[in-house]
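Residues -23 to -1, 1 to 449 (mature numbering (1 follows the signal peptide of the UniProt record, and there is no 0)) make up the sequence shown, in order.
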Amino acid sequence: MTFAKLRVRAMMVALLLSIFAVGGRGVSAQTNAYATAFTTSITYQNIGTGTANINLTVYSSSGTPSAIPASTLAANGAGAYFVGSVSGLGTTFNGSAVISADQPIAATLVQIPAAASQVKNRPLSNGFSSGSDTVLIPTVLKASSNYTTKFVIQNTDSVANDFTVQFINPATGAVVHTANPTNVLPNTSVYYDAGTISALGASFSGSVKVTAVKNGTSNPGSAVGTALELQTNGVGAYASQAFPSTAAATKVSMATALCSYVIPSGQTTSFYAVQNAGTSSASVTVTYVGTAAGSPVNVTSTAVNIAAGAKASFNPCGTTPTNFTGSATINSTQPILAVGKVNGGGLYTAFEGATAGSAKTALPYVRWLTPAQGGQQTYIAIQNVGTSAASSVTVKYYSGAGALLGTHTIPSIAAGAKASSNPTNAGVTNMGVGGGSAVVEGAGAQLIVVARVTSPVGTGTTGEDYNGIPFN
């Protein structure tokens, strides 16, 4: 998506899947992510040229709005709304939100676990500038590998919508369960916990397709969605956005690919969930490009057939050498969508595959803190998906007030290759507790960007990914 179309309004789903700690209530000491209470912090970045006047309205599932006092934000600045501080929402609340401004803005949602919980990772996902009448979630789980999915679908239309929510078998593409919420009011959302849907059986690992129509008609409606995957016997938790069906393509780029890659906290491996958004069976391969033990790697997986509407999973190990790090390109004979996940070494991350690059990308949630401040740190992966080298790529780091803290210049990124950045590359050793933002830019380049935000946990590390947001 490009925020040139945004102008005064950014639509977003806020996964308020939590007990808000309003007035000191709602403390959770859960030991697994599925039972943990999360509270949403909406972080936002002014990607315009002037001071932005910003408004936020939170909506309950019944459509009741709660407006937040207006605020201002300097160009390049970053701020946050902690939804748990909104009065009148009670101690438990699931809903959605709309943020609006007179400058273009980008937004990333941060799901913060209750302080007493053993879950320390913060699932991350992005806001939306528009919706679609067909929305796809490539991976939805129920008690699969000890993970279960919770997701919300938000009406981004100006009138009430009816939704058809179809749960799809991963092997055959057959619909195994359908939900039909009707008269979903504008800006409000419906919420699903796959763990409570008996029609999915004891275990399910599939995908979801949502169709939106205007209430009582067959005319196209508009929706967006966000999903949380939560470990039922541990602390794993990560988030990803639903895709509009128009985002599907026969070539998808993944900025991160790993096979038993060793980081200080342990070995890490990436996995891709690929959904066939086409109308017939797809033949899908994954090409991995990078290095292993200092040696270059460029290998392609064996083709996998995916039925229309169904999904398949891809693991680089077995195709790439051990200790591989790089990026990947997924090729298909039908339009596809993909979500990447990284596990191991304390990481629980998810990010979306990209079908095109951008010369300019926003990152609303960037942190570099000392251990005494909590130790959150942001690492940025930049993949060149163009056909020629990207020269003089800059990563500019900004304070919350919009001041330029430093610039990291990457001389060149070869076609298909990736580079990395973090604030210290720009001479920034402490961004302060409030953090800031970043902008990645390469004139004329086609870049995709994924940010990883890590947090220390004892002697180890946890972390989550989110996609950079292209803009003009």
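The beta-carbon is built from N, C-alpha and C at its ideal position, and this holds for glycine as well.
Indicate the three-state DSSP secondary structure (helix, strand or coil) for residue i in the structure shown.
i: leucine 346; result: coil
i: aspartate 147; result: Checking the sequence, you will find proline at residue 147 rather than aspartate. Residue state, collapsed to three classes: coil.
i: proline 81; result: coil
i: asparagine 449; result: coil
i: threonine 159; result: coil
i: asparagine 308; result: strand
i: glycine 3; result: Unreliable placement is indicated for glycine 3, whose pLDDT of 43 sits below 50; the coordinate value is still reported in the next sentence. Looking at glycine 3 - three-state DSSP - the assignment turns out to be coil, as it is neither helix nor strand.
i: serine 64; result: coil
i: asparagine 138; result: strand
i: serine 272; result: strand
i: asparagine 282; result: strand
i: threonine 406; result: coil
i: residue 471; result: The structure shown has nothing for residue 471, since the chain only spans -23 to 449.
i: serine 222; result: helix
i: proline 298; result: coil
i: alanine 367; result: strand
i: serine 175; result: helix
i: alanine 234; result: strand
i: alanine 57; result: strand
i: threonine 264; result: strand
i: threonine 256; result: coil
i: proline 400; result: helix
i: alanine 333; result: coil
Mind checking whether residue i and residue j have CB atoms under 8 angstroms apart?
i: glycine 72; j: serine 37; result: yes
i: isoleucine 130; j: phenylalanine 140; result: yes
i: proline 115; j: valine 316; result: yes
i: glycine 40; j: leucine 235; result: no
i: tyrosine 443; j: leucine 101; result: yes
i: glycine 322; j: glutamine 244; result: yes
i: glycine 303; j: valine 370; result: no
i: leucine 340; j: alanine 226; result: no
Please name the residue, chosen from the options, that lies closest to residue i on a Cα-to-Cα basis.
i: alanine 44; options: Asn292, Val75 and Ser217; result: Val75
i: threonine 166; options: His154, Gly334, Ala204 and Ser182; result: The residue asked about is misnamed: residue 166 is serine in this sequence, not threonine. Of the listed residues, the one whose Cα sits closest to serine 166 is Ala204.
i: threonine 188; options: Gly108, Thr173 and Asn210; result: Gly108
i: alanine 412; options: Thr438, Ala254, Glu441 and Tyr21; result: One point to set straight first is that residue 412 is glycine, not alanine, in the sequence displayed. The candidate whose alpha carbon is nearest that of glycine 412 is Tyr21.
i: valine 266; options: Ala394, Ser242 and Ala415; result: Ala394
i: tyrosine 342; options: Thr159, Thr85, Thr68 and Gly150; result: Thr85
i: alanine 349; options: Gly409, Asn157, Thr268 and Ser242; result: Gly409
i: alanine 148; options: Ala250, Gly383, Ser414 and Gly363; result: Ala250
i: threonine 173; options: Gly437, Ala420, Gly383 and Ala120; result: Ala120
i: glycine 351; options: Gly150, Ser432, Thr326 and Phe105; result: Ser432
i: serine 222; options: Ala415, Gly198, Lys186 and Gly383; result: Lys186
i: alanine 280; options: Ser304, Gln311, Gly271 and Thr299; result: Gln311
i: phenylalanine 328; options: Ser247, Gly271 and Ala420; result: Ser247
i: alanine 305; options: Pro241, Asn164, Ser278 and Phe15; result: Ser278
i: glycine 383; options: Val362, Val405, Thr364 and Asn164; result: Val405
i: glycine 178; options: Asn146, Asn160 and Ala287; result: Asn146
i: glutamine 354; options: Asn399, Asn361 and Thr364; result: Asn399
i: aspartate 110; options: Ala156, Val201, Asn103 and Leu50; result: Val201
Residues in the same chain with beta-carbon distance under 7 angstroms from residue i, minus the five sequence neighbours each way, listed in chain order, please.
i: glycine 1; result: Because the pLDDT of glycine 1 is 35, which lies under 50, any placement of that residue in the model is unreliable, and the number read from its coordinates should be weighed accordingly. Correct list: empty, nothing qualifies.
i: threonine -22; result: Legend: pLDDT at threonine -22 = 31, less than 50; position of this residue unreliable, value from coordinates given subsequently. The answer, listed in chain order, is Pro447, Phe448 and Asn449.
i: valine 63; result: Val35, Ser43 and Ile45
i: glutamine 208; result: Asn9, Ala10, Tyr11, Asn123, Tyr124 and Ala214
i: leucine -8; result: Below a pLDDT of 50, predicted positions are generally treated as unreliable, and leucine -8, at 34, falls in that range; no measurement from the model is reported.
i: residue 453; result: As displayed, the chain neither begins before -23 nor continues past 449, which places residue 453 out of reach and without an answer.
i: serine 237; result: Gln244, Thr246, Cys294, Thr299 and Asn300
i: valine 239; result: Asn300
Give the C-beta separation of residue i and residue j to the nearest angstrom, bearing in mind that I take them to be a contact with Cβ-Cβ under 8 angstroms.
i: tryptophan 345; j: asparagine 407; result: 7 angstroms
i: valine 276; j: threonine 297; result: 6 angstroms
i: isoleucine 390; j: alanine 367; result: 5 angstroms
i: serine 258; j: alanine 285; result: 6 angstroms
i: serine 18; j: isoleucine 31; result: That belief does not hold up - the Cβ atoms of serine 18 and isoleucine 31 are roughly 15 angstroms apart, past 8 angstroms.
i: lysine 127; j: aspartate 79; result: Not confirmed; about 34 angstroms, so no contact.
i: threonine 347; j: alanine 224; result: Not really, about 39 angstroms apart at Cβ, beyond 8 angstroms.
For residue i, decide whether its Cβ has a neighbour in chain D, counting only Cβ atoms nearer than 8 angstroms.
i: valine 416; result: Given the protein chain composition of this structure (a single chain), no chain D is represented.
Got a sec? Which residues, its chain only, sit under 6 angstroms from residue i by beta carbon, not counting five neighbours each side?
i: threonine 338; result: Val417, Val426, Gly445 and Pro447
i: asparagine 53; result: Tyr375 and Gly379
i: asparagine 308; result: Lys228 and Thr262
i: arginine 429; result: Tyr356, Gly440 and Asp442
i: valine 136; result: Lys191
i: phenylalanine 220; result: Leu113 and Leu314
i: alanine 57; result: Ser18 and Thr20
i: proline 158; result: Phe140 and Val167
i: alanine -3; result: Confidence at alanine -3 is low in this model, with a pLDDT of 33, below 50, so the placement of that residue is unreliable and no value is reported for it.
i: alanine 176; result: His154
Residues in its own chain within less than 8 angstroms of residue i by CB, not counting five upstream and five downstream?
i: asparagine 402; result: Val372 and His385
i: valine 96; result: Gln7, Asn9, Ala10, Thr13, Pro90, Val212 and Ala214
i: serine 397; result: Tyr356, Ile357, Ala358 and Ile359
i: valine 274; result: Tyr265, Val266, Gly267, Thr268, Thr297, Pro298, Phe301 and Gly303
i: lysine -19; result: For lysine -19, the predicted model reports a pLDDT of 28, less than 50, meaning its position is unreliable and no value from the coordinates is stated.
i: alanine 287; result: Ile145, Asn146, Pro147, Ala148, Thr149, Gly150, Gly183, Ser184, Gln252 and Asn253
Is residue i a contact residue of the ligand HEM, with contact defined as CB to any heavy atom under 7 angstroms?
i: valine 161; result: Ligands displayed in this structure: none; no statement on the ligand HEM is therefore possible.
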